[in-house]
Amino acid sequence: MKTKRKPYGLLAIDGGGSRGIIAARILQQLENVIGRPIWEIFDFGAGVSTGGLLVLSALIKRTPSSQLVSIYRDLCEKIFPSRLTRFHEYSVKTLERELKQHFGEIRMSLVDSNSPHVFVVTKKNYEPEPYLLRNYDPPDNLNTFNGKSGWLCSEAARATTAAPTFFRPLERDGNQYTDGAMGFDNPVLLLFQEVLLLLTESNTENDRGKQSFPKIDYIVSIGTGKMDDWPAPVGSAKTGVSRFIETAQLGIELITNFENSHYQMQMLAKACGNIPYFRFNPKLAQRLPLDIRKRVELNKLVDLTSDYLSNPTNGIPEQIEQLKALINSR
């Protein structure tokens with residue numbers, strides 16, 4: 031654990047399948063405006079599903095954010111075209127190959143004292159509680175969430191992206207690991223709780239028993255598109271298995287894509303000393319699938335996000351400048 035007393039920055043990224051390209055574009059903008067790589071800006075990071083893939087890339091692999099949009103574009107085109115089985119639509123072989131190619135043999139571990147503490151959210155054996163794959167080991171006496179550390183980044187990414195009806199679970203050591211987005215699609219509350227436990231423990235040790243509240247300088251939560259319109263699945267010609275899969279996918283989105291965690295985090299940040307909290311999440315005109323594969327559609331999401339980030343009337347450019355000032359003052 032980092033024991034140096036200083037302000038800490040937190041990053042949480044939502045799930046959302048192909049719409050992760052929105053979050054990738056937001057990371058690119060943050061890096062461009064602030065002028066520092068993402069892994070230097072944040073001390074703790076968490077992601078689920080597509081957001082897990084992004085935090086592993088940006089914070090552990092240290093992929094320049096300028097490359098993330100093109101990486102996403104290529105990945106979506108490769109992993110979503112072919113259908114493998116009736117109930118799990120897409121080939122896990124293609125996904126696993128692409129993840130191994132991207133991450134290589136990089137493990138979830140703390141490389142040096144400047145390494146951000148990172149976890150991705152999964153579910154183990156379909157249990158309701160989150161199972162965290164970390165690049166650090168929390169103290170044994172800490173009452174935190176179950177999990178493991180030291181996995182290959184490619185395996186952790188495979189586990190957190192194993193969304194029901196899209197990819198089969200990852201099987202490892204006799205257990206099955208799936209996408210943690212069911213109930214935890216926005217991991218910001220999990221991250222906040224984990225960090226409070228870790229830093230309070232660390233500060234208590236440093237102060238020899240004195241009560242001390244960790245200094246969190248800012249929290250950034252990045253979404254993959256806010257959707258207020260929830261139409262029923264369309265396509266009356268679809269019957270049987272195809273219609274079942276489509277309906278199941280809609281049900282997953284209805285459960286996981288609300289802004290509840292965002293609103294709760296807003297209230298918590300205010301209650302905990304007005305911690306600066308930023309939520310970047312452009313509004314989409316309609317419900318979009320998780321498996322967008324066409325380059326032209328992905329480019330539209332990138333353009334929409336660029337407009338959102340540069341629009342002077344929505345306050346977002348000003349918020350990014352406020353975040354920049356906080357980071358530069360550390």
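Quick note on this note's numbering: the sequence shown kicks off at 31 and runs consecutively.
Cβ coordinates follow ideal geometry from the N, Cα and C atoms, glycine included.
For Tyr166, there is no enclosing beta strand (DSSP E), as DSSP marks it with neither H nor E. Closest in alpha carbon position to Pro37, among Glu327, Asp170 and Thr230, is Thr230.
Between the alpha carbons of Asp104 and Ala301 lies a distance of about 42 angstroms. Judged by DSSP secondary structure, Leu40 falls within the beta strand (DSSP E) whose first and last residues are Tyr38 to Ile43.
A Cβ-Cβ distance of about 5 angstroms is found for the pair Leu172 and Leu227, placing them in contact under the 8 angstroms criterion. The alpha-carbon of Leu331 is positioned some 43 angstroms away from that of Asp170. Per DSSP, Asp333 is one residue of the alpha helix (DSSP H) stretching across Arg325 to Ser340. DSSP places Gln316 outside both helix and strand once states are collapsed to three, so it counts as coil. Per DSSP, the continuous alpha helix (DSSP H) segment holding Leu105 begins and ends at Ser95 to Ile109. With a cutoff of 7 angstroms on beta-carbon distance, Glu126 and Arg202 are scored as not near each other. In this structure Pro342 is exposed. Its beta-carbon is surrounded by fewer than 16 other beta-carbon atoms within 10 angstroms.
Using a Cβ-Cβ distance cut-off of 8 angstroms, the region 193-202 and the region 140-147 are not in contact, since fewer than three pairs of beta carbons, one from each stretch, lie closer than that value. Close CB contacts of Lys256 within its chain, under the 6 angstroms cut and outside five residues either way in sequence, are with Asn311 and Lys313 (chain order). Sorting Ala315, Arg309, Glu157 and Leu89 by C-alpha distance to the C-alpha of Asn216 places Arg309 at the top. Per DSSP, Gly47 lies in no alpha helix (DSSP H) and is assigned neither H nor E.
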